[in-house]
Each structure stands twice: as structure tokens, then as C-alpha cells.
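In the working numbering, the protein residues as written are 4 to 135.
Glycine residues also receive a C-beta, built at the ideal position from the N, C-alpha and C atoms.
For reference, the structure discussed in these notes is given below.
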């Protein structure tokens, strides 16, 4: 499948220059292109065993948010007090598989939510972009 080893923050395998550039430009088409042709950094739950994607929930929300990043460093910047920032790099197939199984419970997908150039999309829109 579309996953790589766990991140080390200095490892370029855990950074997408293409996605970072698209987010900086706030270009929806370029973000979709980057997701189809490069990788995205996906946070994992801290724990042993099979890696599980970490999703987030607002206190008052019914659904969840999937937070995706252009780099492992941007994930660390969002949660600097945590000590174990586990991530995987997903390609289009891996992201499409995860969203396809969870689209009904994911209300929103955020990219680089803590900056420097955050963007938001609906899970259905990301799936549609991956199916082109």
C-alpha cells in the first residue's frame, strides 16, 4: 500500500514540497495535483501494534477532523508539547483507501492546520480529487 516507514523529522521522505507550495499559493487545483502525484504526511496514534491514523474531534462535534500535513515538522509545530510524533507518508492510493473507509465520520480535512498556510476541504471533495 501507500505507506512508508515512521518519520524522522529531518528525513525528506516526510516532506512534500509540492503540497507545501500548493498550500502557500492557496491553490485548490495544485493541492489536488499534489495529493494525486506526491505524498501527504498523516499523523498516527501513539501505541504499539498496527499503525492507526490519528483523527481529531472538537468537543461539541459529532464527526471527526482528519489533519494532514505537508511535513512532519508542521505536525510537530501543531503539538509541540507532545513527545512522540508518529507519522506515515501516504500516497494517493493510501489516502484514498483511508478516506473511502471513513468518509462518513470525517467532517473536514485540514492541511497544515497550524500553518504556515492552512487549508480546509470536505472529505468527499478530497476523495473526488483523488479519483480523477
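For a cut-off of 8 Å, the C-beta gap from residue 126 to residue 69 is around 7 Å, short enough to register as a contact. Under a 10 Å Cβ-count criterion, residue 40 is classified as exposed, with fewer than 16 other Cβ atoms of the shown protein chains found around its own Cβ. Contact check for residue 75 against residue 17 passes: the beta carbons are separated by less than 8 Å. For residue 123, the enclosing beta strand (DSSP E) stretches over residues 122-124.
Residue 43 is positioned such that its CB atom lies no closer than 8 Å to that of residue 82. DSSP places residue 18 in the strand class (E or B) of the three-state scheme. In the three-state reduction of the DSSP assignment, residue 24 falls in the helix class, which pools H, G and I.
With 16 or more other Cβ atoms inside 10 Å of its own Cβ, residue 99 counts as buried.
For residue 107, there are no CB contacts under 6 Å within the same chain when 5 residues up- and downstream are skipped. For the 8 Å CB-CB criterion, residue 47 and residue 56 form a contact. Scanning 134, 109 and 123 for the CA closest to the CA of residue 65 turns up 109. Classified as buried, residue 91 has 16 or more neighbouring CB atoms from the shown chains inside 10 Å of its CB. In the structure shown, residue 80 falls within a helical segment according to DSSP collapsed to helix, strand and coil. Per the coordinates, the alpha-carbon of residue 67 lies some 7 Å from the alpha-carbon of residue 111.
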